[in-house]
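Remarks on the structure that follows.
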Amino acid sequence: MQKIIDLLIRENVLDETKLQLFIDKYGESKLSIANLLKVRILQQDSMDEVLLKELRMQSIDISDLEGLQGINTTELLKKQAKALGVEYIDIPSIEIDYKLIKRLPLKQLVRYKALPLFVEDDQVTVAFENPNDFEAKGAIERFFRGKIMVVALARKEIIQQVLSHLDTSEKVEEFSVDIKEDLEKGGAEEKKTDESPAVLKLIELILATAIEKGTSDIHIEATEHNCIVRYRVDGILQENFKMEKSIFSPLASRMKLLSNLDIAEKRKPQDGRFTQLVKGRPFDFRVSTLPTMFGESIVLRILDKTKAMVQLENAGMSSTSYTKFIEAIHAPYGIVLVTGPTGSGKTTTLYGALNEIIDAKDKIITVEDPVEYQMDSIQQVQINEQAGLSFPAALRSILRQDPDKIMIGEIRDQETLRIAIQAALTGHLVLSTLHTNSSIAAIGRILDMGIEEYLISGALIAIQAQRLVRKICQSCKEVTTLEPKLKEDIAKYVSPNAVFYEGKGCPVCNNSGYVGREMISEVLPVSEILSSMIASGASKEELTKQAIKEGFVSMFQDGLKKALEGKTTVKEIIRVARS
Numbered sequence: 009m010q011k012i013i014d015l016l017i018r019e020n021v022l023d024e025t026k027l028q029l030f031i032d033k034y035g036e037s038k039l040s041i042a043n044l045l046k047v048r049i050l051q052q053d054s055m056d057e058v059l060l061k062e063l064r065m066q067s068i069d070i071s072d073l074e075g076l077q078g079i080n081t082t083e084l085l086k087k088q089a090k091a092l093g094v095e096y097i098d099i100p101s102i103e104i105d106y107k108l109i110k111r112l113p114l115k116q117l118v119r120y121k122a123l124p125l126f127v128e129d130d131q132v133t134v135a136f137e138n139p140n141d142f143e144a145k146g147a148i149e150r151f152f153r154g155k156i157m158v159v160a161l162a163r164k165e166i167i168q169q170v171l172s173h174l175d176t177s178e179k180v181e182e183f184s185v186d187i188k189e190d191l192e193k194g195g196a197e198e199k200k201t202d203e204s205p206a207v208l209k210l211i212e213l214i215l216a217t218a219i220e221k222g223t224s225d226i227h228i229e230a231t232e233h234n235c236i237v238r239y240r241v242d243g244i245l246q247e248n249f250k251m252e253k254s255i256f257s258p259l260a261s262r263m264k265l266l267s268n269l270d271i272a273e274k275r276k277p278q279d280g281r282f283t284q285l286v287k288g289r290p291f292d293f294r295v296s297t298l299p300t301m302f303g304e305s306i307v308l309r310i311l312d313k314t315k316a317m318v319q320l321e322n323a324g325m326s327s328t329s330y331t332k333f334i335e336a337i338h339a340p341y342g343i344v345l346v347t348g349p350t351g352s353g354k355t356t357t358l359y360g361a362l363n364e365i366i367d368a369k370d371k372i373i374t375v376e377d378p379v380e381y382q383m384d385s386i387q388q389v390q391i392n393e394q395a396g397l398s399f400p401a402a403l404r405s406i407l408r409q410d411p412d413k414i415m416i417g418e419i420r421d422q423e424t425l426r427i428a429i430q431a432a433l434t435g436h437l438v439l440s441t442l443h444t445n446s447s448i449a450a451i452g453r454i455l456d457m458g459i460e461e462y463l464i465s466g467a468l469i470a471i472q473a474q475r476l477v478r479k480i481c482q483s484c485k486e487v488t489t490l491e492p493k494l495k496e497d498i499a500k501y502v503s504p505n506a507v508f509y510e511g512k513g514c515p516v517c518n519n520s521g522y523v524g525r526e527m528i529s530e531v532l533p534v535s536e537i538l539s540s541m542i543a544s545g546a547s548k549e550e551l552t553k554q555a556i557k558e559g560f561v562s563m564f565q566d567g568l569k570k571a572l573e574g575k576t577t578v579k580e581i582i583r584v585a586r587s
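Residue numbering for the sequence shown follows this note's numbering, beginning at 9 and increasing consecutively.
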């Protein structure tokens, strides 16, 4: 946003003195284009005029304006199209003629950033990223002899997304043909196809495409007639490629070789991992195989090493939750728990906490199953049940290593929990995770695991509960009207005139309306009053009442705040956080 603010000041449509008066009065947290328009420090027409000029000169990109409250990028693109004398086309709202696209070389379309859309009578409509590019228009027009080319403007990210998908599909088809040829040449010698350059290229393409889409897990499955590749994006599985069944065997064998697994063993589950550079960045892939009726199911968990360096302030925490959590993890001793279901980002939060508290003066040891991200200056212990190195056994050994801070990947049983609490009571800071629905429910869960109230009250510093919610796609975001039932569900938390948003679906978001995920959370610091109440056996309702008195903000409320900010939808908050 700062880049746009600076631009508006430079173009004299925003007065710097008035801007400073606004910040002094309302604070930097309230600084947005929408609020500047609201108090009339900024005029809509003047701002649009400047932005259109800069877009025309290509000194800013429409992506620089996405997500800025007060700037309607769709309306800006429509105005830009009108100024250029062309039509603006919202690609998600039309049916693309893919047969028409296949008539042109894909490399040319990518080079000229053009996308043929449809034919009507003697006219063919083509969307361009830049309708002013005369070379591009001339080159594409030559492919449509006898037809009049109608030039249109469309969102560049959607054009790129469609072309990228077509390019990937074309390559998968090409590699599949090569693998089949290698199979026919190799006969029964499976090893030859494992080493086929086409198999390696196909794997590289699957990994690169998955990472580009923000995938957390890759599923490669053998069905009765096909080999299917699906990606889990933002928690939802999407089918990406469907190939012939014959492709599965060489693909699976090569995956096993990469992961140091036994390629001949197809009757038992196996686990492995490998590291690979994808687009210049190192990624770890944790691999699991499972025998099924028609072959095997192979699942790769993508572990991005840069996530180990995540900063908590960038994890999506609200300022309230962030302040409380930071204060908790800087305590000299005690236990801090992060709770939530599988896939809610607990491990990433723990690594973020370690990054925050890492200090050369402290010995930090982690015990994990498995070690997901490798970090410098920290001793990381990998659980190995077969060798007798369980969580309790590892923790007992760790405590003899003179640690200052301990991170336990997950508390699964009473023994691990009891040792963790004893460590917290004897001067160590312990960070760990637990599976519960809310922060207050974690107290009941610990009691159910057989830990005495007085131990819990003495050891607990804070509990954070979290979930991941899908973020609205900025390319197809629009104002929405809530259904009566949804309005009723949130009536006591928001004003009746509150404005909410949703994504209507487009190629950028695979027609889901969402791109990416963000954390919603609640943090319960265990105050002296709450500690006394836990020790005296207070009920969940009594603890909740006291927590609210102390300023506790529930995860549901935190989510609604993000929905009001236009980051996610009310439907998504109710789906994920309504207990």
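Virtual Cβ for every residue (Gly too), placed ideally from N, Cα, C.
Contacting residues, own chain, Cβ-Cβ under 8 Å from residue i (five flanking each side not counted)
i: E197; result: For E197, the predicted model reports a pLDDT of 46, less than 50, meaning its position is unreliable; a value from the coordinates is still stated below. Closer than 8 Å at Cβ, skipping near neighbours: no residue.
i: S540; result: S465
i: S329; result: Q472, S529, E530, V531, V561, D566
Own chain residues within Cβ distance below 6 Å of residue i, not counting five before or after
i: T176; result: T217
i: E62; result: I68
i: D279; result: S296
i: K579; result: none
i: T133; result: L125, F126, V158, A160
i: D186; result: A206
i: N140; result: none
Residues bridged to residue i [DSSP beta-bridge criterion]
i: H227; result: R238, V307
i: R289; result: V286
i: E486; result: E510
i: M541; result: Partner(s): none; M541 has no beta bridge.
i: P124; result: V134
i: Q278; result: T297
Residue i, buried or exposed, once every other Cβ within 10 Å from all chains shown has been counted against 16
i: N518; result: buried
i: I244; result: exposed
i: K570; result: buried
i: L29; result: exposed
i: F249; result: buried
i: A395; result: exposed
i: I102; result: exposed
i: N507; result: In the sequence under discussion, the amino acid at residue 507 is Val, which differs from the Asn named in the question. V507 should be labelled exposed.
i: H338; result: exposed
i: V159; result: buried
i: R404; result: exposed
i: Q169; result: buried
i: G545; result: exposed
i: E137; result: buried
i: H436; result: buried
i: A450; result: buried
i: K413; result: buried
i: E4; result: As shown, the chain starts at 9 and ends at 587. That puts residue 4 outside it, with no answer to give.
i: R153; result: exposed
Nonlocal neighbours in the same chain, by C-beta distance under 7 Å from residue i, ignoring five residues either side
i: L407; result: A431
i: M55; result: L16, V21
i: C3; result: As shown, the chain starts at 9 and ends at 587. That puts residue 3 outside it, with no answer to give.
i: Y501; result: Q565, L568
i: V286; result: L215, A216, I219
i: Q116; result: A147
i: I271; result: S261, K264, L265
i: I448; result: L532, K548, L551, T552, A555
i: D312; result: F291
Boundaries (first-last residue) of the alpha helix (DSSP H) holding residue i
i: N248; result: Premise fails: N248 lies in the beta strand (DSSP E), 244 to 252, not in any alpha helix (DSSP H).
i: I148; result: 142 to 149
i: E273; result: Run containing E273: none; DSSP gives neither H nor E here.
i: E594; result: In the structure displayed, the chain extends from 9 to 587; residue 594 sits before or after that span and is not available.
i: A571; result: 563 to 572
i: V58; result: 52 to 64
i: L45; result: 41 to 46
i: L265; result: 256 to 266
Terminal residues of the beta strand (DSSP E) in which residue i lies
i: S529; result: 522 to 533
i: I582; result: No beta strand (DSSP E) contains I582, which is instead part of the alpha helix (DSSP H) from 578 to 585.
i: I469; result: 468 to 480
i: M301; result: Counting along the chain, M301 falls outside any beta strand (DSSP E), and DSSP gives it neither H nor E.
i: M157; result: 156 to 161
Contact test: residue i Cβ vs the ligand SAM heavy atom, cutoff 6 Å
i: K38; result: This structure lacks the ligand SAM; in fact it carries no ligand of any kind.
Could you tell me which whole alpha helix (DSSP H) segments of length 4 or greater appear in the stretch 363 to 441?
399 to 407, 422 to 433
So within the stretch 72 to 115, which uninterrupted beta strand (DSSP E) runs reach at least 3 residues, ignoring any that extend past its ends?
none
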